[in-house]
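A.B. asks: Have a look at this one.
Numbering (this note's numbering), first residue to last: 10 to 519.
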């Protein structure tokens with residue numbers, strides 16, 4: 010089999026991860042589009058708002074179950090095999106959805122597909138965090154989050170294109186496209202590598218060294234390779250025990266690595282992702298535009314598709330600044346902007362509807378998506394995998410992903426009910442919650458930009474505290490170049506070499 014190295018390997022890892030998250034975005038935009046079709050609603054039995062919310066949100070229950078599955082089995086089978094298993098499950102669920110003929114079958118098949126997506130959303134961020142170079146890891150992870158939005162936009166336009174079909178093609182074809190994305194991921198998987206940190210953690214030191222040499226495109230005895238391997242092995246040694254971590258250990262702060270604190274920190278951006286209210290718009294934007302602003306079905310889908318397209322365009326700017334201003338400031342600026350937009354939307358929709366209030370509400374829905382994708386979105390899908398210690402990284406990330414999907418279910422389930430009960434005032438809830446993200450990030454958030462995963466561990470070893478955001482050393486953005494990273498690994502290799510010589514001398518003297 011072809012063994013890719015260096016840039017080619019990194020690009021394929023990004024491509025594999027990207028298509029996996031493109032599927033995630035596609036699924037988020039899918040039901041908002043096909044619910045506009047009369048044929049689809051007839052197949053479901055013309056459900057009321059509660060049942061509409063449930064068939065849409067039940068997918069998130071599946072995703073939450075997938076995260077639980079990753080908690081139990083993900084560490085055992087590794088990052089790469091987790092992605093393979095997850096996408097096979099997605100294909101099974103998508104195939105049953107495509108062949109559905111009633112409400113119950115659609116609900117069950119969406120749960121199955123959700124399990125696969127939930128499993129993969131644990132493995133993919135970890136795969137990337139453990140293989141991408143630290144000096145521009147944030148920028149590369151932006152590619153992943155941008156593809157989520159491209160998936161949303163693609164789903165919206167495709168649903169609009171099939172809206173006028175007179176047969177079940179209107180909804181069966183968009184649903185069947187889920188299998189295409191998972192198929193591409195499965196075709197890429199044989200050519201990517203397992204992560205060196207997982208291999209080293211499971212006693213496969215030689216394989217870990219070989220993978221590092223492939224990622225860096227260096228010989229296996231190169232100082233950079235030996236330095237990175239040495240840093241990983243040292244971190245594993247500091248963590249101690251070799252046995253599989255227990256549930257209790259994951260949620261305990263009585264460890265050198267402060268696991269509980271880091272689990273909560275990792276959950277934070279996942280929760281912010283959902284409790285910003287973004288999926289109250291993403292899942293139901295066309296629905297809101299039609300029922301509450303008076304647009305026709307066709308115009309609502311066009312506006313929603315345009316909104317998601319510009320949402321996708323604005324998901325790329327963080328590539329240029331997320332490693333420069335850091336994760337913390339990206340989230341705080343994004344959250345403040347989202348809070349203001351939600352407040353204006355609530356103010357417009359909570360009054361008597363006029364052309365002006367409708368236009369302003371629509372404009373700020375567009376702007377909300379831009380602020381959300383400028384910080385909260387890219388950080389939410391990378392931060393947990395960066396912040397967690399290696400020993401419990403899979404389990405701790407699974408907890409964060411579970412909180413994400415459980416929150417997603419609640420938001421998607423209650424949105425039709427909330428809009429039906431209190432109308433536009435529903436958006437005041439999201440405005441207030443978004444505003445709280447700013448102080449929470451300021452007081453508790455740790456900066457990961459420019460740091461290797463092992464350097465992030467070191468912050469918790471050396472200066473542990475609850476309010477890590479008040480420690481200047483834990484919030485400083487490290488702006489590292491590729492050359493700086495290479496020199497650091499070389500220096501680490503020299504230290505290892507000196508330590509080995511000292512041990513040899515001591516042994517000889519005895």
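A virtual CB, placed ideally from N, CA and C, is assigned to each residue, including glycine.
Mind checking which residues open and close the alpha helix (DSSP H) that includes residue 47?
C.D. replies: Mapped onto the chain shown, residue 47 falls at position 38. 47 to 53 is the span of the alpha helix (DSSP H), which, as asked, contains residue 47.
A.B. asks: For residue 134, which of helix, strand or coil comes out of DSSP?
C.D. replies: Your numbering for residue 134 matches position 125 in the chain shown. If DSSP states are grouped into helix, strand and coil, residue 134 belongs with the helices.
A.B. asks: What residue does the alpha helix (DSSP H) around residue 219 start on, and which one ends it?
C.D. replies: For the purposes of this step, residue 219 is taken as the residue at position 210 of the chain shown. Where residue 219 is concerned, the enclosing alpha helix (DSSP H) stretches over 214 to 225.
A.B. asks: What are the boundary residues of the alpha helix (DSSP H) that residue 198 is part of?
C.D. replies: As a working note, residue 198 is residue 189 in the chain shown. Note, residue 198: premise wrong, no alpha helix (DSSP H); not H, not E.
A.B. asks: Evaluate residue 113 with the Cβ neighbour count: other Cβ atoms within 10 Å of its Cβ, from every protein chain shown; 16 or more gives buried, anything less gives exposed.
C.D. replies: Within the chain shown, the letter at position 104 stands for residue 113. Exposed, by the Cβ-count rule.
A.B. asks: Apart from the five residues on each side of it in sequence, which residues of its chain come closer than 6 Å, Cβ to Cβ, to residue 124?
C.D. replies: Sequence index remark: in the chain shown, residue 124 carries index 115 (1-based). The residues are 71, 74, 75, 98.
A.B. asks: Once DSSP output is grouped into helix, strand and coil, what is the label at residue 487?
C.D. replies: Taking the first residue of the chain shown as 1, we reach residue 487 at position 478. Here residue 487 sits in coil by DSSP.
A.B. asks: Using alpha carbons as the reference points, say which of 12, 474, 373, 458 lies closest to residue 494.
C.D. replies: Within the chain shown, residue 494 is the residue found at index 485, counting from 1. Closest option to residue 494, Cα to Cα, is 458.
A.B. asks: Find the nearest neighbour of residue 283 within the set 96, 410, 131, judged by alpha-carbon distance.
C.D. replies: As a working note, residue 283 is residue 274 in the chain shown. The candidate whose alpha carbon is nearest that of residue 283 is 410.
A.B. asks: Could you check where the alpha helix (DSSP H) with residue 38 kicks off and where it finishes?
C.D. replies: Residue mapping note: residue 38 aligns to position 29 of the chain shown, counting from 1. Per DSSP, residue 38 belongs to the alpha helix (DSSP H) from 15 to 43.
A.B. asks: So which of 475, 102, 93 has the shortest CA-CA distance to residue 194?
C.D. replies: One-based indexing of the chain shown puts residue 194 at position 185. Answer by Cα proximity: 93.
A.B. asks: Near residue 388, which residues of its chain fall below 7 Å by C-beta distance, leaving aside the five closest residues on each side in sequence?
C.D. replies: Numbered from its first residue, the chain shown carries residue 388 at position 379. Closer than 7 Å at the Cβ level, and outside the excluded window around residue 388, lie 278, 336, 339, 340.
A.B. asks: How would you label residue 69, buried or exposed, when you count the other beta carbons within 10 angstroms and need 16 or more for buried?
C.D. replies: If you number the chain shown from 1, residue 69 lands on position 60. Looking at its Cβ environment, which holds 16 or more other Cβ atoms inside 10 Å, residue 69 is buried.
A.B. asks: Considering residue 1, what are the terminal residues of the alpha helix (DSSP H) in which it resides?
C.D. replies: Past the boundaries of the shown model lies residue 1; the chain is included only from 10 to 519, so the question cannot be answered.
A.B. asks: Is the beta carbon of residue 204 closer than 7 Å to that of residue 22?
C.D. replies: Residue numbering aside, residue 22 sits at position 13 when the chain shown is read from its first letter. Residue numbering aside, residue 204 sits at position 195 when the chain shown is read from its first letter. No, Cβ-Cβ distance for residue 22 and residue 204 is not below 7 Å.
A.B. asks: What's the C-alpha gap between residue 146 and residue 166?
C.D. replies: For the purposes of this step, residue 146 is identified with residue 137 of the chain shown, where counting begins at 1. For the purposes of this step, residue 166 is identified with residue 157 of the chain shown, where counting begins at 1. Cα to Cα, residue 146 sits roughly 31 Å from residue 166.
A.B. asks: Which residues bound the alpha helix (DSSP H) around residue 265?
C.D. replies: Here residue 265 refers to the residue found at position 256 when the chain shown is read from its first residue. Careful: residue 265 lies outside any alpha helix (DSSP H) and carries neither H nor E.
A.B. asks: In angstroms with no decimal places, state the Cα-to-Cα distance between residue 473 and residue 342.
C.D. replies: If you number the chain shown from 1, residue 473 lands on position 464. If you number the chain shown from 1, residue 342 lands on position 333. Residue 473 and residue 342: Cα-Cα distance of roughly 26 Å.
A.B. asks: Check residue 202 in the structure and name its three-state DSSP category.
C.D. replies: Reading the chain shown from its first residue, position 193 is the one you call residue 202. Looking at residue 202 - three-state DSSP - the assignment turns out to be coil, as it is neither helix nor strand.
A.B. asks: Who are the near neighbours of residue 248 in its chain, counting only those whose CB is closer than 7 Å to its CB and skipping five residues on each side?
C.D. replies: Here residue 248 refers to the residue found at position 239 of the chain shown. The residues are 266, 398, 399, 400.
A.B. asks: Using C-beta distances below 6 Å, list every residue in its chain close to residue 313, excluding the 5 sequence neighbours before and after it, in chain order.
C.D. replies: Locating residue 313 in the chain shown gives position 304, where the first residue counts as 1. Answer for residue 313: 165, 294, 295, listed in chain order.
A.B. asks: Kindly list the residues whose CB is nearer than 6 Å to the CB of residue 386, restricted to its own chain and excluding five residues on each side of it in sequence; keep chain order.
C.D. replies: Here residue 386 refers to the residue found at position 377 when the chain shown is read from its first residue. Cβ neighbours of residue 386 beyond the five flanking positions: 154.
A.B. asks: For residue 256, count the other beta carbons within 10 Å of its own beta carbon; 16 or more makes it buried, fewer makes it exposed. Which is it?
C.D. replies: The residue you call residue 256 lines up with position 247 of the chain shown. Its Cβ having fewer than 16 others within 10 Å, residue 256 is exposed.
A.B. asks: Using 8 Å for Cβ pairs, my map puts residue 433 next to residue 359. What's the rounded Cβ distance?
C.D. replies: Walking along the chain shown from the start, residue 433 turns up at place 424. Walking along the chain shown from the start, residue 359 turns up at place 350. With a Cβ gap of about 4 Å, residue 433 and residue 359 count as contacting.
A.B. asks: Look at the alpha carbon of residue 216 and the alpha carbon of residue 437, and state the distance between them as a whole number of angstroms.
C.D. replies: Here residue 216 corresponds to residue number 207 of the chain shown, with the count starting at 1. Here residue 437 corresponds to residue number 428 of the chain shown, with the count starting at 1. Looking at the two C-alpha atoms, the distance is approximately 53 Å.
A.B. asks: Taking buried to mean at least 16 other C-beta atoms within 10 Å of its own C-beta, is residue 376 buried or exposed?
C.D. replies: By 1-based counting over the chain shown, the position of residue 376 is 367. Buried is the call here.
A.B. asks: For residue 233, which of 243, 245, 218 has the nearest alpha-carbon?
C.D. replies: As a first step, residue 233 must be located in the chain shown, where it is residue number 224. Closest by alpha carbon: 218.
A.B. asks: Take every Cβ of the region 356 to 370, pair it with every Cβ of the region 453 to 471, and state whether three or more of those distances are shorter than 8 Å.
C.D. replies: As far as the Cβ criterion goes, the region 356 to 370 does not touch the region 453 to 471, which means the pair count is below three.
A.B. asks: So which of 253, 159, 116 has the shortest CA-CA distance to residue 35?
C.D. replies: In the chain shown, residue 35 corresponds to position 26, counting from 1. Residue 159 is the option with its Cα nearest to residue 35.
A.B. asks: Have a look at residue 260 and residue 268 and give me their C-alpha separation to the nearest angstrom.
C.D. replies: Taking the chain shown and counting its residues from 1, the one referred to as residue 260 is at position 251. Taking the chain shown and counting its residues from 1, the one referred to as residue 268 is at position 259. Roughly 6 Å separates the two Cα atoms.
A.B. asks: Under the three-state reduction of DSSP, which class applies to residue 144: helix, strand or coil?
C.D. replies: Indexing the chain shown from 1 puts residue 144 at position 135. Note: residue 144 maps to helix in three-state DSSP.
A.B. asks: Could you tell me which whole alpha helix (DSSP H) segments of length 4 or greater appear in the region 435 to 480?
C.D. replies: Listed in chain order, they are 435 to 453, 462 to 471.
A.B. asks: Which residues in the same chain have their Cβ closer than 7 Å to the Cβ of residue 24, if we skip the five residues on either side of it in sequence?
C.D. replies: Working through the chain shown from its first residue, we reach residue 24 at position 15. Taken in chain order, the residues that qualify are 197.
A.B. asks: Going by DSSP, what residue range makes up the alpha helix (DSSP H) through residue 411?
C.D. replies: Within the chain shown, residue 411 is the residue found at index 402, counting from 1. It spans 402 to 431 - the alpha helix (DSSP H) in which residue 411 sits, taken as one unbroken run.
A.B. asks: Assuming the contact rule is C-beta atoms closer than 8 Å, residue 168 and residue 42 should be a hit. Round their C-beta distance to whole Å, please.
C.D. replies: To locate residue 168, count along the chain shown from 1; it is residue 159. To locate residue 42, count along the chain shown from 1; it is residue 33. Rounded, the Cβ-Cβ distance is 3 Å, consistent with contact.
A.B. asks: Taking its Cβ as the centre, do 16 or more other Cβ atoms sit within 10 Å of residue 59, making it buried, or is it exposed?
C.D. replies: In the chain shown, residue 59 corresponds to position 50, counting from 1. Exposed: under 16 other Cβ atoms inside 10 Å.
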